[in-house]
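Number of protein chains: 2
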Amino acid sequence: MPEHDRAATPGDGLVARPRQGLTPPPRVRLSVAEYRAELLALVEPDHRSERVALDEAQGRVLAEDVLAATANPAFDNSAMDGYAVRYADVSELPARLQVVGELPAGSSWDPDLGPGECVLIMTAAPLPTRADTVGPLEDTDGGRDWVEVAATPGALGAHVRRSGEDYPAGAVVAVAGTRLAPGSLGAVATAGATAVAARPRPVVAVCATGDELVDDGAELGRGRLHESNSHALAAALRRDGAEVVRGAPLPDDAAALARWLDASAPGADLVLLTGGASVGAHDVVRDLLTARAGGVFRHVMVQPGKPQGWARWAGTPVVALPGNPLSATLCYEVFVRPLLARRLGCPPPASLVAVAASGWSCPPGRAQVVPVVLASAEDGRLLARPAHPRGSASHLASSLASADAIALVGEQVEQVAAGDLLEVQVLA
Amino acid sequence: MPEHDRAATPGDGLVARPRQGLTPPPRVRLSVAEYRAELLALVEPDHRSERVALDEAQGRVLAEDVLAATANPAFDNSAMDGYAVRYADVSELPARLQVVGELPAGSSWDPDLGPGECVLIMTAAPLPTRADTVGPLEDTDGGRDWVEVAATPGALGAHVRRSGEDYPAGAVVAVAGTRLAPGSLGAVATAGATAVAARPRPVVAVCATGDELVDDGAELGRGRLHESNSHALAAALRRDGAEVVRGAPLPDDAAALARWLDASAPGADLVLLTGGASVGAHDVVRDLLTARAGGVFRHVMVQPGKPQGWARWAGTPVVALPGNPLSATLCYEVFVRPLLARRLGCPPPASLVAVAASGWSCPPGRAQVVPVVLASAEDGRLLARPAHPRGSASHLASSLASADAIALVGEQVEQVAAGDLLEVQVLA
Numbered sequence: 001m002p003e004h005d006r007a008a009t010p011g012d013g014l015v016a017r018p019r020q021g022l023t024p025p026p027r028v029r030l031s032v033a034e035y036r037a038e039l040l041a042l043v044e045p046d047h048r049s050e051r052v053a054l055d056e057a058q059g060r061v062l063a064e065d066v067l068a069a070t071a072n073p074a075f076d077n078s079a080m081d082g083y084a085v086r087y088a089d090v091s092e093l094p095a096r097l098q099v100v101g102e103l104p105a106g107s108s109w110d111p112d113l114g115p116g117e118c119v120l121i122m123t124a125a126p127l128p129t130r131a132d133t134v135g136p137l138e139d140t141d142g143g144r145d146w147v148e149v150a151a152t153p154g155a156l157g158a159h160v161r162r163s164g165e166d167y168p169a170g171a172v173v174a175v176a177g178t179r180l181a182p183g184s185l186g187a188v189a190t191a192g193a194t195a196v197a198a199r200p201r202p203v204v205a206v207c208a209t210g211d212e213l214v215d216d217g218a219e220l221g222r223g224r225l226h227e228s229n230s231h232a233l234a235a236a237l238r239r240d241g242a243e244v245v246r247g248a249p250l251p252d253d254a255a256a257l258a259r260w261l262d263a264s265a266p267g268a269d270l271v272l273l274t275g276g277a278s279v280g281a282h283d284v285v286r287d288l289l290t291a292r293a294g295g296v297f298r299h300v301m302v303q304p305g306k307p308q309g310w311a312r313w314a315g316t317p318v319v320a321l322p323g324n325p326l327s328a329t330l331c332y333e334v335f336v337r338p339l340l341a342r343r344l345g346c347p348p349p350a351s352l353v354a355v356a357a358s359g360w361s362c363p364p365g366r367a368q369v370v371p372v373v374l375a376s377a378e379d380g381r382l383l384a385r386p387a388h389p390r391g392s393a394s395h396l397a398s399s400l401a402s403a404d405a406i407a408l409v410g411e412q413v414e415q416v417a418a419g420d421l422l423e424v425q426v427l428a
Numbered sequence: 001m002p003e004h005d006r007a008a009t010p011g012d013g014l015v016a017r018p019r020q021g022l023t024p025p026p027r028v029r030l031s032v033a034e035y036r037a038e039l040l041a042l043v044e045p046d047h048r049s050e051r052v053a054l055d056e057a058q059g060r061v062l063a064e065d066v067l068a069a070t071a072n073p074a075f076d077n078s079a080m081d082g083y084a085v086r087y088a089d090v091s092e093l094p095a096r097l098q099v100v101g102e103l104p105a106g107s108s109w110d111p112d113l114g115p116g117e118c119v120l121i122m123t124a125a126p127l128p129t130r131a132d133t134v135g136p137l138e139d140t141d142g143g144r145d146w147v148e149v150a151a152t153p154g155a156l157g158a159h160v161r162r163s164g165e166d167y168p169a170g171a172v173v174a175v176a177g178t179r180l181a182p183g184s185l186g187a188v189a190t191a192g193a194t195a196v197a198a199r200p201r202p203v204v205a206v207c208a209t210g211d212e213l214v215d216d217g218a219e220l221g222r223g224r225l226h227e228s229n230s231h232a233l234a235a236a237l238r239r240d241g242a243e244v245v246r247g248a249p250l251p252d253d254a255a256a257l258a259r260w261l262d263a264s265a266p267g268a269d270l271v272l273l274t275g276g277a278s279v280g281a282h283d284v285v286r287d288l289l290t291a292r293a294g295g296v297f298r299h300v301m302v303q304p305g306k307p308q309g310w311a312r313w314a315g316t317p318v319v320a321l322p323g324n325p326l327s328a329t330l331c332y333e334v335f336v337r338p339l340l341a342r343r344l345g346c347p348p349p350a351s352l353v354a355v356a357a358s359g360w361s362c363p364p365g366r367a368q369v370v371p372v373v374l375a376s377a378e379d380g381r382l383l384a385r386p387a388h389p390r391g392s393a394s395h396l397a398s399s400l401a402s403a404d405a406i407a408l409v410g411e412q413v414e415q416v417a418a419g420d421l422l423e424v425q426v427l428a
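Sequence order for the protein chains is A and B.
For the first sequence, this note's numbering gives the first residue as 1, with consecutive numbering after it.
For the second sequence, this note's numbering gives the first residue as 1, with consecutive numbering after it.
Shown next, in the form of structure tokens:
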């Protein structure tokens, strides 16, 4: 083959390199489940734990169950503004009681009620030991020294929140593996915690490779692409609890890639690369990792993302994702997100069942991952429609701007029809 | 009323204060929609914009539409590894073509193909101007100088990704108001952006009030509660795009509250307080804001969270949420989250339709907000079950640890039955 293709491409970032064969080493074909299992085996759960103050704990994953220091409520208290009474004193009307005190929320006072006596009590204030029922303010004349009770409370113990009604002391209020969100953070604080035992954030180094990549927003020359994978993956990694080291894109040059790996892998729990994983003549990631890092590359029977692989560099797991932006992002969600969940000890990404709002065709013999937008039908069914009007082709990267989930279509499915049931994984 | 309730409560944090009447100023009853509208009027959309690099843009809200600098794909390119050919040369078999060059992804070379010539081309490499079709590698003998084409490509233009098939130059790839997530960040980068115009983060000062609050994890004395509202609300505010200034809890003391407001309100876009908003005799937030900040307090016909209000302190909107942890968090989701969305110019929280997995009773004449856990039925319906086995009572704060959505039940509903349709708002 003539070499003028090189000479004729000044400044296109390509350097002449030894011609390589087109026939790749024979590669095993794996299903999505098989390849996911292979990647999961790359990492072990992290058993380390670090103490994190609540102010820093949002998004962190609990390393241990959080136990309640005290029951909630910690004491019997009033569910209403009203009067703490002895039920026997108000079971027959008319009833007129002496008001011997006032109990605001937060008071530690435990008035010694005698027969015919009551205490004005505010919502959440502790019920006096010698009272047993609360009479709502609106069922009385609101008197302050003496009160007329106009209606007997529904039952002995009415309007009283019992200690432990939410949970007893020692109860688990959040389980190990919980990713702390506003609600769980509030529950943990309510239980008396001021800090939590959290898993360290996995450190992930991510970098895109390819001579075609432009990362400074410059106008694109023929054959060039704006680099987006490192940004999309860095954001997904942070969402999933990782600390990210994002590298500038690398050319298709084995030495440059090796230098970056030498610098990045030792300090990382995981390395993500995109591009160069295919069977072409310039797939440097595949070539370098296969030659120097025990790289294993697969035909995964999925669209998009068929060719990809993994290796270990300086002992650190390296996952080589496809270079196409849509393929890289979708393969992250399907293959890498579960790997981070395993490392952190949290549940794998949840999936839901949705109904296809429209149909599309699927590649024979391959599973398919399709960005979808979710909505509700009037009858409560969850509807999923492809996020891109032109479907799922791997160059339709804009579909990710609007997708809020991905549909996972089995490899035996050749056609999705409107109304079919789909497994969807939410991207949040 | 005797004063010994004060004398008898040394060290409980209460100070004697003038007796106050129990009858609050008459308060207007508002529906959820009416009160939400009243709060929304407190803030104006922020029209300022700041330039944010992509590395810092996750979770930020776009101030402007992002337009594509170039079409995507920017050029016709190959969808396969194979040979770029002129269809006429392979429309009749056998076909044997001379390979005049090799086009890796990223090459800017545009070989001048003559009749009977072809170019070895890699996936995503630019299609030569004088080629019109790609023949997949597997349909050939993979020759490097001469190639035998064993099967005619399906049609003229087969396996070619056309320029602009995803979107044309100038297309909107992400609309103003988008909160940047991994997918939209990737789409924005793919379109050539290296930074975005984002809304400034609203600064929100948040503080819980109440003599009963303990914030150091100390063992609870009678009547005391661990402070959790400021942590739960700070996390929700960050989730919703705010920059949070979290204050330590304040006692039921008007002077202390006024000092904190003087220090916090001027630098904030919004102030959130919890507690002291009810009709009790010690509701300092209500009393101070009403007396000094034009405070407006309402009976909102919702459970939980009936008594709450708003004001302006030094011109800054102040929202006074109920003190009960579950009430505070749920009222944040229903009333405050939409207010932040309005400020940032993003859509209000999305709601879905779900089916009640079990029934529960509702308070007559009041809307109800119930923490729920979502799951899928086999037929694709979204199921919602209450997150707490004991229901929706406002002291069951632990329900927030597991809830992934809230169900919004209308005020006319007196009983939810299994199978009923519910409006749910996802908490993510």
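Idealized CB from N, CA, C, for every residue including glycine.
Note that the coordinates shown come from a computational prediction; the quantities given were computed from them, not determined experimentally.
Is A:W109 helix, strand or coil by DSSP? When secondary structure is reduced to three states using DSSP, A:W109 falls in the coil class, being assigned neither helix nor strand.
Where B:T274 falls, given that 16 or more other Cβ within 10 Å makes a residue buried: Counting every other CB atom within 10 Å of its CB across the protein chains shown gives B:T274 a total of 16 or more, marking it as buried.
Closer than 8 Å at the beta carbon, the chain A residues around B:E38: Those within 8 Å of B:E38 in chain A number zero; the least Cβ separation is about 24 Å.
Run down chain A in chain order and give the residues with a C-beta less than 9 Å from the C-beta of B:D211. Taking a Cβ-Cβ threshold of 9 Å, the residues of chain A close to B:D211 are P104, A105, G106, S107, in chain order.
Where does B:E411 sit, in a helix, a strand or coil, going by DSSP? DSSP places B:E411 in coil when its eight states are reduced to three.
Which value, in whole angstroms, describes the spacing of the CA atoms of B:A74 and B:A124? Approximately 11 Å between the Cα atoms of the pair.
Once the 5 residues before and after A:V435 are set aside, which same chain residues still bring their CB inside 8 Å of it? The structure shown does not extend to residue 435 of chain A, since chain A spans only 1 to 428, so no value can be given for it.
Inter-residue Cα distance where the pair is A:A367 and A:G410: Spanning the two alpha carbons is a distance of roughly 5 Å.
Quick one, which of B:W109, B:A205, B:N77 has its alpha-carbon nearest B:R161's? Checked all of B:W109, B:A205, B:N77; the closest Cα to B:R161 is B:N77.
For A:E165, which residues in chain B fall below 8 Å Cβ to Cβ? Those are R390, A393, H395, L396, listed as they occur along chain B.
At a CB-CB cut-off below 7 Å, which residues of chain B make contact with A:P126? Per Cβ cutoff of 7 Å: R222, G223.
Taking Cβ positions, are B:P266 and B:A314 nearer each other than 7 Å? It is a contact, given that the beta carbons lie within the stated cut-off.
Would you call A:G305 buried or exposed, if buried means 16 or more other Cβ atoms sit within 10 Å of its Cβ? The residue is buried, with at least 16 neighbouring Cβ atoms inside 10 Å.
Name, please, each residue of chain A whose Cβ falls closer than 8 Å to the Cβ of B:G217. Within chain A, the residues whose beta carbon sits less than 8 Å from that of B:G217 are A69, G192, A193, T194, listed in sequence order.
Under 7 Å, do B:V296 and B:A320 count as touching if we go by C-beta distance? Against a cut-off of 7 Å, the Cβ pair of B:A320 and B:V296 comes out as no contact.
Which residues in chain A have a C-beta closer than 9 Å to the C-beta of B:R75? List them in chain order. For the sequence presented, residue 75 of chain B should be read as Phe rather than Arg. Here the neighbours are L220, R222, G223, R224.
So is B:G183 buried or exposed if we call it buried at 16+ other beta carbons inside 10 Å? Under this definition B:G183 is a buried residue.
Since A:V52 and A:A198 are thought to touch, with beta carbons under 8 Å apart, how far apart are those beta carbons, to the nearest angstrom? For a cut-off of 8 Å, the C-beta gap from A:V52 to A:A198 is around 4 Å, short enough to register as a contact.
Does the beta carbon of B:L382 come closer than 7 Å to any beta carbon on chain A? With 7 Å as the cut-off, B:L382 counts as an interface residue toward chain A.
Beta-carbon separation (whole angstroms), B:M301 vs B:L30, contact threshold 8 Å: About 7 Å separates the two Cβ atoms, so the contact holds.
Partner residues on chain B for A:R86, Cβ-Cβ distance less than 9 Å: Listed along chain B, no residue sits closer than 9 Å to A:R86 by beta-carbon distance, the nearest being about 18 Å off.
Can you list, in chain order, the residues of its chain with a C-beta nearer than 7 Å to that of B:A375? Leave out the 5 residues immediately preceding and following it. Excluding sequence neighbours, B:A375 sits near L383.
Start-to-end residues for the beta strand (DSSP E) that takes in B:C362: First-last for B:C362: undefined, no H or E at that position.
At 8 Å on the CB atoms, spell out the chain B contacts of A:P349, in chain order. The premise fails here: A:P349 is roughly 12 Å from chain B at the closest Cβ pair, so nothing lies under 8 Å.
Find the nearest neighbour of B:P363 within the set B:A195, B:V413, B:A191, judged by alpha-carbon distance. Distance check between B:P363 and each of B:A195, B:V413, B:A191 places B:V413 closest, using alpha-carbon atoms only.
Could you tell me if B:S278 is buried or exposed, where buried requires 16 or more neighbouring beta carbons within 10 angstroms of its beta carbon? So B:S278 ends up on the buried side.
Strictly under 7 Å for the Cβ-Cβ distance: is B:Q308 near chain A by that measure? Cβ-Cβ to chain A under 7 Å: no for B:Q308.
Note down, in chain order, every chain B residue with its Cβ under 7 Å from the Cβ of A:V355. For the C-beta of A:V355, the chain B residues within less than 7 Å are, from N- to C-terminus, G380.
Assuming B:H231 is part of the alpha helix (DSSP H), what are its boundary residues? Residue range 229-239 is occupied by the alpha helix (DSSP H) that includes B:H231.
Expressed to the nearest angstrom, what Euclidean distance is found between the alpha-carbon atoms of A:V365 and A:A33? For the sequence presented, residue 365 of chain A should be read as Gly rather than Val. In this structure, the straight-line span from the alpha carbon of A:G365 to that of A:A33 is close to 14 Å.
At which residue ranges does the segment 330-391 of chain B contain complete beta strand (DSSP E) runs of 3 or more residues, listed in the order of the chain? Complete beta strand (DSSP E) runs here, min 3: 351-356, 367-376, 382-386.
Is the separation between the beta-carbon of A:A205 and that of A:E227 shorter than 7 Å? Not closer than 7 Å, so no.
Give the residues of chain B in contact with A:E227, contact being defined as C-beta atoms less than 8 Å apart. For A:E227, the neighbours in chain B by C-beta distance under 8 Å run, in chain order, A189.
Hey, A:G241 and A:L339: beta-carbon distance below 7 Å or not? With contacts defined as CB atoms closer than 7 Å, A:G241 and A:L339 fail to qualify as a contacting pair.
Given a threshold of 16 other Cβ atoms within 10 Å of its Cβ, counted over all protein chains shown, does B:R48 qualify as buried or as exposed? So B:R48 counts as exposed.
Measuring CA to CA, which of B:E333, B:D404, B:P126 is closest to A:A426? Residue 426 of chain A is actually Val in this sequence, not Ala. Ranked by how close their Cα comes to the Cα of A:V426, the residues B:E333, B:D404, B:P126 have B:D404 in first place.
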